[in-house]
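Contents: one structure, followed by commentary.
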Amino acid sequence: MKKTPTIALIGNPNSGKSSLFNQLTGLRQKVGNFPSVTIEKKSGTWLLDSKTESIVIDLPGLYSLYPKSLDERVVIDILANPAHENYPDVVVMVADASNLKRNLLLFTQVADLGLPVVLALNMLDVARDKHLQVNAVKLAMKLGVPVVRINARVGEGLDNLKQAVVQTLERPVITTLNQKYFFNPADQFPELINDVKRTNQLSNNYLALHYVQQHDIFSFLNTEKRVAFDQLIEKYDFKESGFQAAETMHRYAVIDGLVKDSVKAADDFLVKPLWTKRLDAILLHPFWGYAVFLMVLLTIFQAVFTLATYPMDLIDAGVSALNDWLKQQLPSGALTDLLTDGLIAGIGGVVIFIPQIAFLFFLVALLEESGYMARVMVIMDKLMRKFGLNGKSVVPLISGVACAVPAIMSARSIGNRKERLLTILVTPLMSCSARLPIFTILIALVVPATPVLGFFTLQGLTLMGLYLLGLVSALLSAWVIKGMVKNTERGYFVMEMPTYKTPRWYHVGLSVWDSVKSFVTEAGKIIVAISIILWVLASYGPGDTIARAEETVQKSNPALEGTTLDNAVAAYKLEHSYAGHFGKFIEPAIAPLGYDWKIGIALLASFAAREVFVGTMSTIYSIGSAADDDNGTIKARMRAEINPKTGEPMYTPALAFSLLIFYVFAMMCMSTIAVVYRETHGWKWPLIQLAYMTALAYGLAFVTYQLLK
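In UniProt numbering, the protein residues as written are 1 to 709.
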């Protein structure tokens, strides 16, 4: 056994492959990209014994080695190239025991490539619910590979799986049915297969067939090699059309015999109704399915407000108290101000929203774990097609609630180019977690927590309305843009419907931890960095204006004294600082939206990332007010802000909703622009996306403010 063996997990979508990956690797995971492509790769370490660590790679789910999407191509690109750095020493094929016939199709293809395989039978509990009995011993004898019974949800059978993998690593015996191929292409095309094997130093017949049929998608082949394969196809008059279907039919004929011998169904299986079917009759209903989905969304967004309020208030008050204590303990000066009004105020703008993000992703993880999210994708398919999208577009759109960057990358699963491009262009309209801090603090300022229908409140309804506005806008934008993109392919939607399950709390916890960690580390470092830069810009200005601020204020208002004088001096310094000059410069452009120069500073800062807005406002209002005022928290300072022109509170419903609408539509995320550029291979579509979203944001925010003021 080599020092660090590579174990590849492969399987159909919803077979439990990712659940097994989480069980094997736990917190020893990392996310990156596969070499030379931008497809996300999840890998981790698995201890095979006290001295041996292995690298486990979770390959994208697929039904066959003939890929239909970009992420599926990664699998055959790795398995067909022994020189690939992720080429596995052992493949663990995770199979849904309740649907063994379909899962074994992929298994026979992988086995025919000559790779050492361990078959992990998962979801045996689901098979039992369907009154199916799988004889793993008989199946292992028929297939000639180790077959292990596991339950990836709860971690059962992992020791047996480990033992099978270790034995396969030590003695990688490659066997298939009766020591033969499940499907041998040399039986039909002996001369072509032998020529390919000879000219490419291959020893496997089925691998040679894939070189013939899929050489155009292999990243490790150069143009010269591809041309040579085209010439071989022409030389031997190889007809690709219909060949894949014939191969699949041949494999299923073999698999039928295997399943018949190894799987037994109870006689009363068809008579007994399954509660899953009864529940699906409601959740997939053309009316009740949407009604239940809307109620689920409303419950989620209400819970985000109700459950997160208490820890958020504690964090907000704690950060304010820490700031006040530090200002009392430390000597006054620039370094103390930088620490309190710059660094800690910026950190407070990050930490305060951890409870809301944790609750949101906790509830979303429950939906995914239970199997309900797949039902949402199915009922949305018919709706999506009316707007030029595909049922698979629901995955990126729902993922966009977390973050647009991985959501856009997940659009690679959409095989149709037009539908994939439309999905990429409209996904940023879905309100991501970066918008959540902005939404919740502005809603809390102007929307009362008036109860509606008992548990629900106006605040929860407003938050759900903003998310639904993003979804409706995404669909309408796709409908408008679809005329700009030519369609040369036919779209399709295939969704494996999982059974309903009790959520695995360990996996739910991992999902919440990853989401919070991502927000704190990725968004947090941006917010803190910009907060420090902003403090510098807001604390210094041209000439000696800042140094003479108190003298200037006292000359114009001799009666001011104490806290009132301190507040006036702080406000004067901010207005005449470098940041104040930037805000004043753009104020004429944003005044029609109801924004002043302070909000203008936050808008400029948040063009790097939306979530910077709240941290920026926290820094601005920390600098723009006296240290010993009674409005220590972010929310309190924003509520106490006065409009100097009207003498009334700055954050009126008109201004707050104008900002809310602006941030629903604004494309303010450099990472998203970068990933769209990478996915579309040029600047054309990112610039179109930036232009139309900015126009929507400004125009609709203008209309909102003018109507409500």
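Note that the Cβ used here is the ideal one computed from N, Cα and C, for glycine as well.
>> Tell me whether K482, by its Cβ, gets closer than 6 Å to a heavy atom of the ligand NAP.
In response: In the structure shown, the ligand NAP is absent, as is every other ligand, since no ligand is present at all.
>> Only counting the same chain, and skipping five residues up and downstream in sequence, which positions put a Cβ closer than 7 Å to that of K134?
In response: For the purposes of this step, residue 134 is taken as residue 134 along the sequence shown, with counting starting at 1. Note that residue 134 is Val in the sequence shown here, rather than Lys. So the qualifying residues of the chain are A97, L100, L121, L124, A127, S262 and V263.
> When the Cα atoms are used, what is the spatial distance from M464 to S19?
Replying inline: Working through the sequence shown from its first residue, we reach residue 464 at position 464. Working through the sequence shown from its first residue, we reach residue 19 at position 19. Cα-Cα distance, rounded: 30 Å.
> What do you reckon, are the CB atoms on T45 and P116 nearer than 7 Å?
Replying inline: Counting from 1 along the sequence shown, the entry for residue 45 is found at position 45. Counting from 1 along the sequence shown, the entry for residue 116 is found at position 116. Contact check for T45 against P116 fails: the beta carbons are separated by 7 Å or more.
> What did DSSP end up calling V401 once you bin it into helix, strand or coil?
Replying inline: For the purposes of this step, residue 401 is taken as residue 401 along the sequence shown, with counting starting at 1. DSSP places V401 in coil when its eight states are reduced to three.
>> So A589 and L537 are supposed to be a Cβ contact under 8 Å. How far apart are they, rounded?
In response: Locating residue 589 in the sequence shown gives position 589, counting from the first residue. Locating residue 537 in the sequence shown gives position 537, counting from the first residue. At roughly 19 Å, the Cβ-Cβ gap does not stay under 8 Å, so A589 and L537 are not in contact.
> Relative to the alpha-carbon of T462, which residue among R412, Y310, F657 and G371 has its alpha-carbon at the smallest distance?
Replying inline: The residue labelled residue 462 in the question sits at position 462 within the sequence shown. Closest in C-alpha terms to T462, from the list R412, Y310, F657 and G371, comes F657.
> Apart from the five residues on each side of it in sequence, which residues of its chain come closer than 7 Å, Cβ to Cβ, to W513?
Replying inline: Translated into the one-based positions of the sequence shown, residue 513 becomes position 513. Exclusion of the five residues before and after W513 leaves no residue of its chain whose Cβ lies closer than 7 Å to its Cβ.
>> I'd like the span of the alpha helix (DSSP H) that includes T694, first residue to last.
In response: The count along the sequence shown starts at 1 and reaches residue 694 at position 694. That run of the alpha helix (DSSP H) goes K684 to L708.
> Distance, Cα to Cα, P428 vs Q231?
Replying inline: By one-based count along the sequence shown, residue 428 stands at place 428. By one-based count along the sequence shown, residue 231 stands at place 231. Cα to Cα, P428 sits roughly 44 Å from Q231.
> Roughly how many angstroms lie between the CA atoms of V447 and A654, to the nearest whole one?
Replying inline: As a working note, residue 447 is residue 447 in the sequence shown. As a working note, residue 654 is residue 654 in the sequence shown. Each residue's Cα considered, the two are about 11 Å apart.
>> Run through the DSSP bridge pairs and tell me what L574 is partnered with.
In response: As a first step, residue 574 is located in the sequence shown; it is residue number 574 there, counting from the start. The partner list for L574 (beta bridge, DSSP) is empty, contrary to what the question assumes.
>> Quick check on W535: buried or exposed, where buried means 16 or more other Cβ atoms within 10 Å of its Cβ?
In response: Within the sequence shown, the letter at position 535 stands for residue 535. Classification of W535: buried, given that the 10 Å Cβ count is 16 or more.
> What does a CB cutoff of less than 6 Å around A186 pick up in its chain, not counting 5 residues either side in sequence?
Replying inline: Position 186 of the sequence shown holds residue 186. Cβ neighbours of A186 beyond the five flanking positions: I193 and N205.
> Which residue's Cα is closest to the Cα of Y181: L298, L708 and L209?
Replying inline: The residue you call residue 181 lines up with position 181 of the sequence shown. Nearest option by C-alpha distance: L209.
>> Considering only the alpha carbon of each residue, which of E648, L687 and T521 lies closest to L425?
In response: In the sequence shown, residue 425 corresponds to position 425, counting from 1. The shortest Cα separation from L425 among E648, L687 and T521 belongs to L687.
>> Restricting to Cα atoms, I'd like to know which of T552, Q163, S511 and F183 is closest to A111.
In response: Numbered from its first residue, the sequence shown carries residue 111 at position 111. That would be F183, whose Cα lies nearest to the Cα of A111.
> Should N323 go down as buried or exposed, given a rule of 16 or more other Cβ atoms within 10 Å for buried?
Replying inline: Taking the sequence shown and counting its residues from 1, one reaches residue 323 at position 323. Residue burial is scored here from C-beta neighbours: N323 has at least 16 other C-beta atoms within 10 angstroms and is therefore classed as buried.
>> Please list the terminal residues of the continuous alpha helix (DSSP H) segment that includes E191.
In response: Taking the first residue of the sequence shown as position 1, residue 191 is located at position 191. In this chain, the alpha helix (DSSP H) harbouring E191 covers P190 to T199.
> Between N631 and the rest of its own chain, which residues show a CB-CB distance below 6 Å, the 5 nearest in sequence each way excluded?
Replying inline: Position 631 of the sequence shown, counting from 1, holds the residue named residue 631. Note that N631 scores a pLDDT of 48, beneath 50, so its modelled location is shaky; the value from the coordinates is reported in the next line. Apart from the 5 residues on each side of it in sequence, N631 sits with its Cβ closer than 6 Å to the Cβ of R637 and A640 in its chain, given in chain order.
>> Suppose the cutoff is 6 Å on Cβ atoms and the five residues either side in sequence are ignored; what does the same chain contact list for Y705 look like?
In response: For the purposes of this step, residue 705 is identified with residue 705 of the sequence shown, where counting begins at 1. Its chain contains L593, G594, A654 and S658 as the residues whose beta carbon lies nearer than 6 Å to that of Y705, once the 5 sequence neighbours on both sides are disregarded; these appear in chain order.
> So, using beta-carbon positions, are residue 757 and A164 closer together than 7 Å?
Replying inline: The requested residue 757 is not part of the displayed model; the chain covers only 1 to 709.
>> Can you tell me whether K51 is buried or exposed? The criterion is at least 16 other CB atoms within 10 Å of its CB, across all chains shown.
In response: Here residue 51 is taken as the residue at index 51 of the sequence shown, counted from 1. K51 counts as exposed, since fewer than 16 other beta carbons sit within 10 angstroms of its beta carbon.
> Out of curiosity, what's the CA-to-CA distance linking I344 and L314?
Replying inline: On the sequence shown, residue 344 is found 344 positions in, with the first residue counted as 1. On the sequence shown, residue 314 is found 314 positions in, with the first residue counted as 1. C-alpha separation (whole angstroms): 16 Å.
>> Contact defined as beta carbons within less than 8 Å: I believe Y572 pairs with A591. What is the distance between those atoms, to the nearest angstrom?
In response: Along the sequence shown, read from residue 1 onward, the residue named residue 572 stands at position 572. Along the sequence shown, read from residue 1 onward, the residue named residue 591 stands at position 591. For a cut-off of 8 Å, the C-beta gap from Y572 to A591 is around 21 Å, too long to register as a contact.
> What does a CB cutoff of less than 6 Å around L330 pick up in its chain, not counting 5 residues either side in sequence?
Replying inline: Locating residue 330 in the sequence shown gives position 330, counting from the first residue. Cβ within range, chain order: T336.
>> Can you tell me whether A334 is buried or exposed? The criterion is at least 16 other CB atoms within 10 Å of its CB, across all chains shown.
In response: In the sequence shown, counting from the first residue as 1, residue 334 sits at position 334. A334 should be labelled exposed.
>> What does the alpha-carbon distance come out to for the pair I57 and K42?
In response: Counting from one through the sequence shown, the residue named residue 57 turns up at place 57. Counting from one through the sequence shown, the residue named residue 42 turns up at place 42. Here the alpha carbon of I57 sits roughly 6 Å from the alpha carbon of K42.
> Hey, quick one: how far does the alpha helix (DSSP H) through I599 stretch, first residue to last?
Replying inline: Here the question's residue 599 lines up with position 599 in the sequence shown. Taken as a continuous stretch (DSSP letters only), the alpha helix (DSSP H) holding I599 covers W597 to A605.
> N22 and H507 look like a contact to me (Cβ under 8 Å); what is the Cβ gap, rounded to whole Å?
Replying inline: Taking the first residue of the sequence shown as position 1, residue 22 is located at position 22. Taking the first residue of the sequence shown as position 1, residue 507 is located at position 507. Sure, about 6 Å apart at Cβ, within 8 Å.
>> Beta-carbon within less than 8 Å of A140's beta-carbon, same chain only, minus the 5 sequence neighbours each way: which residues are those?
In response: On the sequence shown, residue 140 is found 140 positions in, with the first residue counted as 1. So the qualifying residues of the chain are L119, P146 and V147.
> Buried or exposed: I282, going by 16 or more other Cβ atoms within 10 Å of its Cβ?
Replying inline: If you number the sequence shown from 1, residue 282 lands on position 282. The residue in question, I282, is exposed, as its Cβ has fewer than 16 Cβ neighbours within 10 Å.
> I think residue 711 touches M430, with their Cβ atoms under 8 Å apart; what is that distance to the nearest whole Å?
Replying inline: The question about residue 711 has no answer here: the residues shown for the chain are numbered 1 through 709.
>> I need the straight-line Cα distance from L307 to F361, nearest angstrom please.
In response: In the sequence shown, counting from the first residue as 1, residue 307 sits at position 307. In the sequence shown, counting from the first residue as 1, residue 361 sits at position 361. L307 and F361: Cα-Cα distance of roughly 13 Å.
> Span of the alpha helix (DSSP H) holding G114?
Replying inline: Looking up residue 114 in the sequence shown gives position 114. Element bounds for G114: n/a, residue is neither H nor E.
> Sorted by chain position, which residues of the same chain lie with C-beta nearer than 8 Å to S203's C-beta, five sequence neighbours on each side aside?
Replying inline: Within the sequence shown, numbered from 1, the residue matching residue 203 stands at position 203. The answer, listed in chain order, is G114 and K197.
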